[in-house]
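Undergrad:
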Amino acid sequence: AQSVAQPEDQVNVAEGNPLTVKCTYSVSGNPYLFWYVQYPNRGLQFLLKYITGDNLVKGSYGFEAEFNKSQTSFHLKKPSALVSDSALYFCAVRDKDTGFQKLVFGTGTRLLVSP
Amino acid sequence: SQTIHQWPATLVQPVGSPLSLECTVEGTSNPNLYWYRQAAGRGLQLLFYSVGIGQISSEVPQNLSASRPQDRQFILSSKKLLLSDSGFYLCAWRRGGDTQYFGPGTRLTVL
Numbered sequence: 025a026q027s028v029a030q031p032e033d034q035v036n037v038a039e040g041n042p043l044t045v046k047c048t049y050s051v052s053g054n055p056y057l058f059w060y061v062q063y064p065n066r067g068l069q070f071l072l073k074y075i076t077g078d079n080l081v082k083g084s085y086g087f088e089a090e091f092n093k094s095q096t097s098f099h100l101k102k103p104s105a106l107v108s109d110s111a112l113y114f115c116a117v118r119d120k121d122t123g124f125q126k127l128v129f130g131t132g133t134r135l136l137v138s139p
Numbered sequence: 068s069q070t071i072h073q074w075p076a077t078l079v080q081p082v083g084s085p086l087s088l089e090c091t092v093e094g095t096s097n098p099n100l101y102w103y104r105q106a107a108g109r110g111l112q113l114l115f116y117s118v119g120i121g122q123i124s125s126e127v128p129q130n131l132s133a134s135r136p137q138d139r140q141f142i143l144s145s146k147k148l149l150l151s152d153s154g155f156y157l158c159a160w161r162r163g164g165d166t167q168y169f170g171p172g173t174r175l176t177v178l
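One line per chain: the protein sequences are U and H, in this order. Counting from 25, one number per residue, gives the positions in the first sequence under our numbering. Counting from 68, one number per residue, gives the positions in the second sequence under our numbering.
#1: Rounded to a whole number of angstroms, what is the C-alpha to C-alpha distance between Pro136 of chain H and Ile120 of chain H?
#2: Thr131 of chain U versus chain H: which residues are under 9 Å apart at the beta carbon?
#3: Listed in chain order, which residues of the region 63–90 of chain U have Cβ atoms closer than 9 Å to some Cβ of chain H?
#4: If you follow the beta strand (DSSP E) that Ser97 of chain U is in, where does it begin and where does it stop?
#5: How would you list, in chain order, the residues of chain H whose beta-carbon sits under 7 Å from the beta-carbon of Tyr56 of chain U?
#6: What are the partner residues of Glu126 of chain H, as DSSP defines its beta bridges?
#7: Terminal residues of the continuous beta strand (DSSP E) containing Asp119 of chain U?
#8: DSSP puts Cys90 of chain H in a beta bridge; with which residues?
#9: From U:Asp78, U:Ala105, U:Gly83 and U:Lys82, pick the residue whose C-alpha is nearest to that of Asn92 of chain U; which is it?
#10: Enumerate in chain order the residues of its own chain whose CB-to-CB distance from Gln122 of chain H is below 8 Å, with the five nearest sequence positions on each side excluded.
#11: Using a C-beta cutoff of 9 Å, does Phe155 of chain H count as contacting chain U?
#12: What's the call for Trp74 of chain H, buried or exposed, on a 16-neighbour Cβ count within 10 Å?
#13: In terms of residue numbering, what span does the beta strand (DSSP E) encompassing Asn54 of chain U cover?
#14: Short of 6 Å in beta carbon distance, which residues of its chain neighbour Arg162 of chain H, apart from the five on each side in sequence? Order them along the chain.
#15: Tell whether a beta-carbon distance below 9 Å holds between Phe114 of chain U and Gln62 of chain U.
#16: What residues of chain H sit near Lys126 of chain U, judged by a beta carbon separation below 9 Å?
#17: In the DSSP output, what is Cys47 of chain U paired with across the bridge?
#18: Grab the span of the beta strand (DSSP E) containing Asn99 of chain H for me, first residue to last.
#19: Name, in chain order, the residues that DSSP records as bridge partners for Gly172 of chain H.
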């Protein structure tokens, strides 16, 4: 079965500093990986995805993610954090064992950016 | 562009009462539709998915059911709510590509 793990329940960073939110995956074959962000009492917003190609994927709001096959990781990064980036971040992988594009989500990482 | 709507935004219901949550998608046709539940503000659990009108598949045995009476309408229902049905319900759609797009969600509190 496909799965992702987000080892950090919460990440704290000061505004202006770089941020990293970690995600590792366990899949058979090539993974399809996604990052979503959720603001309080809102739905999930798509940030970026890795399907194939360049290991560095650029997404919305200045976020990017680095796919590392040897470390089975897909960490989310941003060079300079904003207070408005504070939210809940989910990593997800497409479950290829199903025929309907099921996404399997991690448990989420809360990002707190302090002024 | 595509838009997904969910209503109501919030709902407080007594135990044993019925439930109907609605999700509609605009700007696309024949989407795949999904219902998720998010409990305790964290993990998402896939409840139902649909690849077409009247075609519903259940991921987890629940006190809930889903229906798709129209191409872009997806309804989540229950005949008798349980306390454990409380949560944040999210609808999502996908059309052609790999990405699922989520609606704004419905906060359900069962008392």
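Even glycine gets a Cβ: it sits at the ideal position worked out from N, Cα and C. Small disclaimer: the values here were computed from a predicted structure and weren't measured.
TA: In terms of the structure at hand:
#1: Your numbering for residue 136 of chain H matches position 69 in the second sequence. Your numbering for residue 120 of chain H matches position 53 in the second sequence. A direct Cα-to-Cα measurement between Pro136 of chain H and Ile120 of chain H gives close to 6 Å.
#2: Taking the first residue of the first sequence as position 1, residue 131 of chain U is located at position 107. Within chain H, the residues near Thr131 of chain U are Arg109 and Gly110.
#3: Of all residues in the region 63–90 of chain U, Pro64, Asn65, Arg66, Gly67, Leu68, Gln69, Phe70, Lys73 and Ile75 have a Cβ within less than 9 Å of some Cβ in chain H.
#4: Taking the first sequence and counting its residues from 1, the one referred to as residue 97 of chain U is at position 73. If you look at Ser97 of chain U, you'll find it in the beta strand (DSSP E) that goes Ser97 to Lys102.
#5: Taking the first sequence and counting its residues from 1, one reaches residue 56 of chain U at position 32. Simply Asp165.
#6: Taking the first residue of the second sequence as 1, we reach residue 126 of chain H at position 59. Its beta-bridge partners do not exist; DSSP assigns none.
#7: As a first step, residue 119 of chain U must be located in the first sequence, where it is residue number 95. Secondary structure note for Asp119 of chain U: its beta strand (DSSP E) is the uninterrupted segment Ala111 to Asp119.
#8: Working through the second sequence from its first residue, we reach residue 90 of chain H at position 23. In the DSSP assignment, Cys90 of chain H is bridged to H:Gln73 and H:Phe141.
#9: Taking the first residue of the first sequence as 1, we reach residue 92 of chain U at position 68. Per the C-alpha coordinates, the member of U:Asp78, U:Ala105, U:Gly83 and U:Lys82 positioned closest to Asn92 of chain U is U:Asp78.
#10: Reading the second sequence from its first residue, position 55 is the one you call residue 122 of chain H. Excluding residues within five positions, the ones whose Cβ falls inside 8 Å are Arg135.
#11: The residue given as residue 155 of chain H occupies position 88 in the second sequence. At least one chain U Cβ lies under 9 Å of Phe155 of chain H.
#12: Taking the first residue of the second sequence as 1, we reach residue 74 of chain H at position 7. Trp74 of chain H is exposed by the Cβ-count criterion.
#13: Within the first sequence, the letter at position 30 stands for residue 54 of chain U. Element bounds for Asn54 of chain U: n/a, residue is neither H nor E.
#14: The sequence position of residue 162 of chain H within the second sequence is 95, counting from 1. Result list for Arg162 of chain H: Thr95 and Pro98, in chain order.
#15: Translated into the one-based positions of the first sequence, residue 114 of chain U becomes position 90. Translated into the one-based positions of the first sequence, residue 62 of chain U becomes position 38. Contact annotation: Phe114 of chain U and Gln62 of chain U have beta-carbon atoms nearer than 9 Å.
#16: Working through the first sequence from its first residue, we reach residue 126 of chain U at position 102. Tyr101, Leu113, Tyr116 and Glu126, listed in chain order.
#17: Here residue 47 of chain U refers to the residue found at position 23 of the first sequence. According to DSSP, Cys47 of chain U bridges with nothing at all.
#18: The sequence position of residue 99 of chain H within the second sequence is 32, counting from 1. It spans Asn99 to Gln105 - the beta strand (DSSP E) in which Asn99 of chain H sits, taken as one unbroken run.
#19: Residue mapping note: residue 172 of chain H aligns to position 105 of the second sequence, counting from 1. Answer is none; Gly172 of chain H lacks a bridge partner.
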